[in-house]
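Counted the way the numbering used here counts, the sequence shown spans residues 32 to 188. Glycine residues also receive a C-beta, built at the ideal position from the N, C-alpha and C atoms. Beneath this line is the structure, given in structure tokens, with notes to follow.
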Amino acid sequence: MDEAQQFESTQSSRREFVANLILAAGTALGLGSLAYRFLQYLYPVIRPLKLIQVLAGKPGDIPADGVRLVHLPEGPVLLEKQGKEIRALSAVCTHLGCIVQWHPGVRQFICPCHHGIYDFNGNVVSGPPPRPLEKLEVKLKDDEVFVVMKSLKEEQV
Ligand code: FES
32 MDEAQQFEST
42 QSSRREFVAN
52 LILAAGTALG
62 LGSLAYRFLQ
72 YLYPVIRPLK
82 LIQVLAGKPG
92 DIPADGVRLV
102 HLPEGPVLLE
112 KQGKEIRALS
122 AVCTHLGCIV
132 QWHPGVRQFI
142 CPCHHGIYDF
152 NGNVVSGPPP
162 RPLEKLEVKL
172 KDDEVFVVMK
182 SLKEEQV
């Protein structure tokens with residue numbers, strides 16, 4: 032191999048090296064972009080949720096031995112009063128997420144979407160719901176009812 036051929040061979044392998052480097056960088060960039068998009072998609076599911084206390088009203092707003100539906104920014108809540116005890120349930124049906132409605136005549140929560148029925152304690156009586164309504168913690172402070180809920184705000188994570 033003379034000098035000219037050796038020079039040409041060296042130039043050719045440099046070009047291949049640069050081409051392979053560009054290809055590898057492009058592939059890494061593409062895969063990184065895909066991974067970023069995937070993590071962005073998963074983030075609402077995997078991010079840790081912070082619990083916050085949300086003002087839901089006053090004890091006097093809830094009818095005696097009855098239920099009051101309150102629409103809070105974090106989701107609809109059913110406040111129940113039995114004697115002096117106040118309890119809270121999520122009003123979101125555990126089947127497909129419709130808002131259940133209180134039917135005082137039968138003392139049941141009935142989901143209007145697929146006729147899921149829950150008792151006063153949120154337990155499934157009949158229909159497609161796979162589990163009871165979610166029980167939420169209640170805190171009474173200075174004659175106000177607070178419900179402990181998962182924060183929806185990003186900055187509070
Ligand atoms: Fe409530 Fe289907 S969404 S029963």
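Fill in: Close beta carbons around S121, own chain, < 7 Å, minus the five adjacent residues each side
By 1-based counting over the sequence shown, the position of residue 121 is 90. Exclusion of the five residues before and after S121 leaves G106, V108, L164, E165 and L167 as the residues of its chain whose Cβ lies within less than 7 Å of its Cβ.
Item to complete: Indicate the three-state DSSP secondary structure (helix, strand or coil) for G88 in the structure shown.
Response: In the sequence shown, residue 88 corresponds to position 57, counting from 1. Residue state, collapsed to three classes: strand.
Discussion item. Using only CA atoms, which one of K81, V131, C142 and I148 lies nearest to H102?
Written reply: Against the sequence shown, residue 102 aligns to sequence position 71. The shortest C-alpha separation from H102 is found at V131.
Discussion item. If distances are taken between C-alpha atoms only, which option among S43, P135 and Q36 comes closest to P94?
Written reply: Position 63 of the sequence shown holds residue 94. In this structure, P135 is the residue among S43, P135 and Q36 with its C-alpha nearest to the C-alpha of P94.
Worksheet item: Got a sec: does the ligand FES put a non-hydrogen atom nearer than 7 Å to the Cβ of P160?
Response: To locate residue 160, count along the sequence shown from 1; it is residue 129. Indeed, a heavy atom of the ligand FES lies less than 7 Å from the Cβ.
Worksheet entry | Beta-carbon contacts of P142 that lie in its chain and below 6 Å, excluding the five residues immediately before and after | As a first step, residue 142 is located in the sequence shown; it is residue number 111 there, counting from the start. First, the residue type needs correcting, since residue 142 is Cys and not Pro in the sequence shown. Within the same chain, C142 has close Cβ partners C124, C129 and V131.
Worksheet item: What's the gap between the Cα of L82 and the Cα of E175?
Response: Position 51 of the sequence shown holds residue 82. Position 144 of the sequence shown holds residue 175. Cα to Cα, the separation comes out at about 18 Å.
Discussion item. Is L52 close to the ligand FES? I mean its beta-carbon at under 7 Å from any heavy atom of the ligand.
Written reply: Within the sequence shown, numbered from 1, the residue matching residue 52 stands at position 21. No, the ligand FES has no heavy atom inside 7 Å of this Cβ.
Discussion item. Does the beta-carbon of H145, which I'm using as the reference point, lie nearer than 7 Å to any heavy atom of the ligand ZN?
Written reply: As for the ligand ZN, it is missing from this structure, which binds only the ligand FES.
Discussion item. I'd like to confirm the pairing. Which residues does DSSP put opposite H145 in its beta bridges?
Written reply: For this step, residue 145 is matched to residue 114 along the sequence shown. Beta-bridge pairing links H145 to no other residue.
Discussion item. For the beta strand (DSSP E) containing R99, name the first residue and the last one.
Written reply: Along the sequence shown, one-based indexing puts residue 99 at 68. Counting along the chain, the beta strand (DSSP E) containing R99 begins and ends at V98 to L103.
Practice prompt. May I ask whether a heavy atom of the ligand FES can be found less than 7 Å away from the beta carbon of H134?
Written response: Counted from its first residue, the sequence shown places residue 134 at position 103. No, the ligand FES has no heavy atom inside 7 Å of this Cβ.
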